[in-house]
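When we follow my numbering, the leftmost residue of the sequence shown carries the number 559, and every step to the right adds one. Here a beta-carbon is modelled for each residue, glycine too, at the ideal position from N, C-alpha and C. Please read the structure below before turning to the comments.
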Amino acid sequence: MSIFANKRNSAAFQLSPVAAGCAVFVAALANPVYAQTAPAAEAAPMARVTVSGIRRGIEDAISVKKDASSIVEAISAEDIGKLPDISIAESISRLPGLAAQRVAGRAQVISVRGLSPDFSTTLLNGREQVSTGDNRSVEFDQYPSELMSGVTVYKTPDAGLVGQGLSGTIDMQTVRPLSFPGRTMSVNVRGEKNSLGSIANAKSTGNRFSASYIDQFANRTIGIALGFAHMEAPVLEQQTGMYEPWKTDARSGLPSGSYAADGIKAVAKSGVTKRDGFMGVLQYRPTKQWTSIVDVYASQFKSEDTANQLEINLNGWNGGFKPEVNYVNPVVVDGSLSGGTVTSVYPLVRGMYNKRKDEIRAAGWSNTFKFANWSLFADLNYSHAKRDELSLENNTQLNPLGGSAFLDSVNLRYASGGYPSIKTGLNYSDPNTLLVRDTIYGSGYGKVPKVEDELTGFKLVASLPVPDMFEKVFSGVDIGFNYTDRSKKKRQPEGPTLIANPTTISSDLQYAPVDLGFAGVGMIPAWNVPGVVAKYMSFKPVDDLDYLITKAWDVKEKISTSFVKANIEAELGSVSVRGNVGVQVQRTDQSSQSRYVDKSAVAGKQFKDVDDGKSYTDVLPSMNLAFGFDHQQTLRFALAKQLARPRVDQLRSAFEFDIDKTSFKPSATGGNAKLDPWRANAFDVSYEKYFDKKAYVAVAGFYKKLTSYIFTQSKDYDFSAFTSGTIAKQVTGNYTAPYNGQGGTLKGLEFSGSMPLELLSKSLSGFGVQASATFSSSDIKINDPTSSLGTNITLPGLSKRVTNLTAYYEKDGFETRVSQRKRSDFVGEIGNFSNDRALRYVVGENVIDFQVGYTFNEGSMKDFGLLVQVNNLTNSAYETYTGVRSQQLEYQKYGRTILMGASYKF
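This is the structure we're talking about:
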């Protein structure tokens, strides 16, 4: 099986993986640095230089990395603001060892060091955040980059880091107004246009607006910060998709044993996404001994789109009409169908509508009290997330009773690294020939998923001095306690969209036709899907059918965390030693409430309550050491025991129970509320060379031994609690669910560097480069019976190679930057139509962004800036496959986005 065999042509702006991480590193160590070799006698009198813009952001981030006691990566406010990404995820994904997974063209979730988003946690101002999905991982596209002052990614934990993840911890921070020298206000306006152009009812244009206000009052004892960010962006996609899995079942005309998909579709998606975010901070510092901060964050994310598509069943189902489906002149390459003609198919023209509204609210109140030789930190926090979603579909087909041909012949040609070709024989562009009817897939279906997540927390930390006898080694000790209470629930009513009489769609519900020419199809109609449901159909979703019961669940978690951390600050001769050593003790109480289906019970008594869970305690020691050598060199070591709690949906107690009517043996499929977390032992080492805060080069290695993992498996299970009074003749049967299993190892190397090139030569003043490369490997293999990828599946989220490169020029108000993020193939977890997560191989991506701008530095227009930006410059595609590279599942393009705008700071 050929995994990770990507033979696509490379895009422009190439970057060798080794060069990405090592070029700056080697150049800095092998060549004299200009600033350090200038003769002292020629040194001019020192002048105060104010650094701003791109350089300011980079230098601030380098300072955070240099001063940290752990191994971290950081982004500053200038860095984010100067590259105005759609979300904070776009910015985070450029950091060493981090990679983004795109969803609908946006960087939505982040993998840290080759582990899926499940293994990391996200904090806002040090507090764990809720999420709007059915899992823990935060969807970063709900956090505008304009509202964040910085991001710190902790690759190694310390005992005082509460909410830490196994792969890393991402802490987003908002501003602290009393840290600013005075009043600051800014406004940012941008318009955008997508290169795909308008599709159906969706415009190709959008807009972004943000404003912030920071001020201080009462002799700088009170500070306030307010920020607002608005985005309206088109949803435009051109995509093809195959049914999964590819099969070797018998089909007329197809050679025996050939792999083929059950169906194919061509889709033009149209819609709009809107997001509004608000940030507020009130800081009160009446004395040097007391600081109180209240901060709030709120966002509302709305998305509405329609997948306008032509879809064809290729596995013999055409509604039972004659003649039957047949393959003619099939082309089979390496055992998989790659082309041919399929006759007697009955294509559908479909409208698949999705409307989503997400809301996030978070608030925190922290107080720091400083006493004579110790301090106390207290924090209260609350966050709440809610998602309401509506999915509807309309199915149309040519009239089988109208006297005209309705069965079609379609010529297919599949291609890796591009759209497949779908050429139909009949015309599907006339809406007057297509009927909304009970098609081969019914008339339609709908879902109304709802997710709600709520978390309250409390934290108390005392920072104490150490006895005199330890002062030469330790600077202090932190003793703390943190408590969180989290509850998450999901409901998903569903039902068919039924139609009494077949009908065409009236003109008032029609949109502009869409062009599927990218896949060889041509034009098809598009229409208002919810309007058709309202005018012609009935939709009555329910959640009390046997196949829906397991989709409704509640999960609760109560976690008490106690910790002790000793802060190290010592000297070993000429070598300084910084860091910490400590232990964290977590007590977790998890439970889930749901219902299960007993199909052996009499009608009306098949739905039964189930409440399950467990408690467990983990002891997590950690140590971070940073040795400082001459010439600003740092060598870091870190040891830790880490964990990541199971996905929330895996903890559901819901399951579907059945008893075989022949063998009378019980069986079930569902969740597992008794799961233990993922656990790992980790070792990290990092060498870093700094040039003040202007530049650095680093090489790091990491090794994680996962002592446990979570797999979906089928195991013998004792059903005695559920078989009483049933027809079961035994209590043991198969239960397919997530289970804890043996883990494995994950290891890797990271190379990174950032340098203004004027350090090498004065002639390169203004130019700079940032680069990183990460190489990872793992012996962990997954066997997931619910996926279509077979056995020995690669660790989800793991790309063997991840590289990032940014080249910039900034001088006298002019700035330009080009950034590339690139990763090799990986296994992604993609949501399918059933709203379930499915594993698929994702072809490695190469995404390039570009921007150019000018900011006036003097005169009446001082601090007024103009900007042009192009995201996804090469219109990089998103492609998935089954594990065999020739068995494509999806191929999507989202277009390049061009933004133009202005900003003003005053």
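Asked                                                                                                                                                                                         : Found
How big is the Cα-Cα spacing for Arg778 and Leu736?                                                                                                                                           : 7 Å
Put Lys1465 into one of helix, strand or coil per three-state DSSP.                                                                                                                           : For residue 1465 there is no data in the structure shown, the boundaries of the chain being 559 and 1464.
Roughly how many angstroms lie between the CA atoms of Ser1180 and Ser1120, to the nearest whole one?                                                                                         : 14 Å
Where do the ends of the beta strand (DSSP E) carrying Ser621 lie?                                                                                                                            : Looking at the DSSP string, Ser621 is not in any beta strand (DSSP E); the run it does join, the alpha helix (DSSP H), is 611-625.
Would you call Pro546 buried or exposed, if buried means 16 or more other Cβ atoms sit within 10 Å of its Cβ?                                                                                 : In the structure displayed, the chain extends from 559 to 1464; residue 546 sits before or after that span and is not available.
By Cβ distance, which residues of its chain are closer than 6 Å to Ser857, with the 5 residues on each side in sequence left out?                                                             : Gln700, Gly835, Ile918
What are the start and end residues of the beta strand (DSSP E) that includes Ser1282?                                                                                                        : Segment: none, Ser1282 is in no beta strand (DSSP E) and carries neither H nor E.
In this structure, does DSSP put Gln1200 in helix, strand or coil?                                                                                                                            : strand
Taking all protein chains shown into account, decide if Tyr817 is buried (16 or more other Cβ within 10 angstroms of its Cβ) or exposed.                                                      : buried
CB-CB under 8 Å to Ser987, same chain, minus the five flanking residues each way: which ones, in chain order?                                                                                 : Pro1071, Gly1080, Met1081, Ile1082, Pro1083
Would you give the residue range spanned by the beta strand (DSSP E) that Lys1047 belongs to?                                                                                                 : 1032-1049
Using the beta-carbon count (16 or more within 10 Å), is Phe1384 buried or exposed?                                                                                                           : buried
Per DSSP, which one or two residues make a beta bridge with Tyr1449?                                                                                                                          : Thr798, Glu1437
Does the beta-carbon of Leu959 have 16 or more other beta-carbons within 10 angstroms, so that it is buried, or is it exposed?                                                                : exposed
Name the DSSP beta bridge partners of Ile1388, please?                                                                                                                                        : Ala1396
Enumerate, from N- to C-terminal direction, the unbroken alpha helix (DSSP H) stretches of 4 or more residues contained entirely within the segment 1076-1153.                                : 1087-1094
Can you give the beta carbon distance from Asp1216 to Gln1164, rounded, assuming they're within the 8 Å contact cut?                                                                          : Going by Cβ atoms, the distance from Asp1216 to Gln1164 rounds to 11 Å, so no, they are not a contact pair.
In this structure, what does DSSP give as the bridge partners for Thr849?                                                                                                                     : Thr926
Please report how far the alpha carbon of Phe738 lies from the alpha carbon of Lys1451, in whole angstroms.                                                                                   : 43 Å
If contact is defined by three or more beta carbon pairs under 8 Å, each pair taking one atom from either stretch, is the segment 793-803 in contact with the segment 1432-1451?              : yes
Please report the straight-line C-alpha distance between Ile1117 and Lys1262, rounded to a whole angstrom.                                                                                    : 24 Å
Could you check whether the segment 1033-1042 touches the segment 1121-1134, counting it as contact only if at least three pairs of C-beta atoms, one from each stretch, sit closer than 8 Å? : yes
In whole angstroms, what is the alpha-carbon distance linking Ser1330 and Lys1420?                                                                                                            : 35 Å
According to the Cβ coordinates, are Ser810 and Asn871 closer than 8 Å?                                                                                                                       : no
Select from Val1243, Arg1145, Leu840 the residue whose C-alpha is nearest the C-alpha of Leu1307.                                                                                             : Val1243
Using the Cα positions of Asn1341 and Met743, report the straight-line distance between them to the nearest angstrom.                                                                         : 54 Å
Is any heavy atom in the ligand GDP found nearer than 7 Å to the beta carbon of Gly877?                                                                                                       : By its list of ligands, the structure shown contains no ligand whatsoever, and the ligand GDP lies outside what it can speak to.
In terms of residue numbering, what span does the alpha helix (DSSP H) encompassing Ile1217 cover?                                                                                            : Looking at the DSSP string, Ile1217 is not in any alpha helix (DSSP H); the run it does join, the beta strand (DSSP E), is 1213-1217.
What does DSSP give as the partner residue(s) for Trp1236 in the beta ladder?                                                                                                                 : Ala1202
Report yes if the CB atom of Arg1049 is closer than 8 Å to the CB atom of Ala1110, and no otherwise.                                                                                          : yes
Given a cut-off of 8 Å, decide if Glu869 and Leu906 are closer than it, judged by their beta-carbon atoms.                                                                                    : yes
Using CA coordinates, which residue listed in Glu947, Leu970, Ile1126, Arg614 is at the minimum distance from Phe1185?                                                                        : Ile1126
Roughly how many angstroms lie between the CA atoms of Arg1145 and Arg1136, to the nearest whole one?                                                                                         : 30 Å
Counting C-beta neighbours from all protein chains within 10 Å, is the total for Ser1392 16 or more, i.e. buried, or is it exposed?                                                           : Note that Ser1392 scores 49 on pLDDT, short of 50, meaning its location in the model is unreliable and no value can be drawn from it.
Just to confirm, are Val1009 and Arg914 a CB contact at a threshold of 8 Å?                                                                                                                   : no
Check Gly655 in the structure and name its three-state DSSP category.                                                                                                                         : coil
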